[in-house]
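Undergrad: The opening residue of the sequence shown carries number 0 in numbering that gives the first Met the number 0; numbering runs sequentially from there.
Following this message is one structure expressed as structure tokens.
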Amino acid sequence: MLIRIRRPSDLRESDVTPEAHFRQRRRLLALAAAAGIGAALPARALVKPPAEGKALPKRIDTDWGRDLEPTDFEDVTSYNNFLELGSGKRAPARNAGSLRTRPWSIRVEGECEKPGVLDIEDLLRMPQEERIYRFRCVEAWGMVVPWDGVPLSKVLARFQPTSKAKYVAFETLHDPKQMPGQKRDIIDWPYLEGLRMDEAMHPLTLLVTGVYGMELPGQNGAPVRLVVPWKYGFKNIKSIVRIRFTEQQPRNTWAVLQPEEYGFYANVNPEVDHPRWSQKYERRIGEGLFARKHRTLMFNGYAEEVAHLYRGMDLRRFF
Ligand SMILES: Nc1nc2c(c(=O)[nH]1)N[C@H]1C(S)=C(S)[C@@H](COP(=O)(O)O)O[C@H]1N2
Ligand SMILES: [Mo]
């Protein structure tokens with residue numbers, strides 16, 4: 000959701016660039032939005048069927064999110080957060096052309112019996128009937144997206160994690176030639192994320208390779224990204240090249256940048272305010288400024304499926 004998460008460039012007061020004014024404006028808008036005044040949301044685009052992109056074979060529709068109105072394809076693919084392809088919500092779609100997504104593989108290593116390589120072609124070839132889902136979820140920064148993907152658990156199992164594997168760490172490609180945003184060190188590249196093992200093995204956690212029945216466009220994290228439906232958008236790391244099973248909790252980019260505001264868990268939780276704003280209500284991208292806000296649901300509406308993972312944990316401390 001737009002107003003919850005600031006761009007890292009907002010976080011560096013000392014980083015004096017020509018964008019300073021713009022950043023200042025963004026911050027004011029974010030604060031205004033938090034106060035319910037409104038933010039720079041894109042106007043609702045016409046509903047256009049996706050015209051370009053490579054069609055994927057038919058997927059199995061799941062029940063998850065059936066009742067949610069999907070965000071327009073146009074908004075899903077043109078209003079993005081992907082710092083490697085530029086700061087600003089329109090930059091990723093503009094800069095996605097330099098990203099080469101074939102060949103592509105993910106190195107899988109760490110605490111497992113069979114470390115190795117997962118090729119994107121193998122991932123796309125996984126038997127559709129059993130393994131590929133399509134479902135809609137509120138992508139927790141204000142979009143409802145019909146993703147295509149495979150449960151991460153099916154993929155991880157192949158590498159036989161050992162009993163020492165308590166967490167899974169993820170890494171995005173680091174190649175400034177393909178990712179112009181990496182020419183500036185606004186964050187410590189590569190972008191990092193992590194999940195606890197039980198979160199990673201939950202059937203709702205997906206390795207996503209498509210959107211709206213098309214192969215994932217670059218700006219959405221091609222060719223493969225994570226989607227954890229009950230967490231804030233920043234957990235959904237894009238363009239993954241490395242997965243590592245670890246014994247210790249891995250570092251994740253946003254928690255390193257701003258630990259008081261962004262934790263490791265990042266579960267959607269209307270009861271725990273962001274230090275500078277309430278998280279009780281949310282806007283949905285594409286609905287416009289005057290649309291009624293939505294009440295934020297615990298675990299983004301997936302409490303029934305995932306609340307047990309956090310039983311006994313103090314969610315104010317582990318936010
Ligand atoms: N590698 C990488 N992954 C990333 C990001 C990023 O900057 N780099 N941004 C995150 C954030 S903050 C959000 S909200 C989502 C946005 O995904 P979308 O553009 O497909 O909606 O991607 C997440 N994954
Ligand atoms: Mo985000």
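By construction, the Cβ of each residue, glycine as well, lies at the ideal position given by its N, Cα and C atoms.
Since this is a predicted model, take the numbers as computed values, not measurements.
1) Determine, using beta carbons only, whether N235 and V223 come nearer to each other than 8 Å.
2) Between E270, T171, I105 and R243, which has its C-alpha nearest A161's C-alpha?
3) Would you mind reading off the limits of the beta strand (DSSP E) that contains V210?
4) Considering F169, what are the terminal residues of the beta strand (DSSP E) in which it resides?
5) Using only alpha-carbon positions, find the residue among R283, E246 and K279 that is nearest to K163.
6) I'd like to know if the stretch 192-211 and the stretch 162-181 are in contact, where contact means that at least 3 CB-CB pairs between them fall below 8 Å.
7) Let me know if Q218 comes out buried or exposed under the rule of 16 or more other beta-carbons within 10 Å of its beta-carbon.
8) Would P328 pass as a contact of Y211 if the rule is Cβ separation under 8 Å?
9) Under the criterion of a Cβ to heavy atom distance below 7 Å, does W140 qualify as lining ligand 3?
10) Looking at the secondary structure, which residues open and close the alpha helix (DSSP H) in which E259 lies?
11) If we ignore side chains and look at the alpha-carbon of each, how far apart do Y280 and K292 end up?
12) Pick from G85, P150, R195 and E112: whose alpha carbon is nearest that of F263?
13) Flag this pair as touching only if the stretch 71-82 and the stretch 140-160 have three or more C-beta atom pairs under 8 Å; answer yes or no.
14) Is DSSP giving Y280 helix, strand or coil here?
15) When you compare the CB positions of T208 and D147, do they come within less than 8 Å of one another, or not?
16) Give the range of the alpha helix (DSSP H) segment to which P91 is assigned.
17) Tell me the rounded alpha-carbon separation between E303 and G109.
TA: From the atom records:
1) no
2) Looking at the sequence itself, residue 161 is Thr, so the reference to Ala does not match. Of the listed residues, the one whose Cα sits closest to T161 is R243.
3) L205 to V210
4) Y166 to T171
5) E246
6) yes
7) buried
8) No statement about residue 328 is possible, as the shown extent of the chain runs from 0 to 318 and does not include it.
9) Ligand 3 is absent from the structure shown, which contains only ligand 1 and ligand 2.
10) Premise fails: E259 is in no alpha helix (DSSP H) and is neither H nor E.
11) 6 Å
12) R195
13) yes
14) strand
15) yes
16) A90 to N94
17) 32 Å
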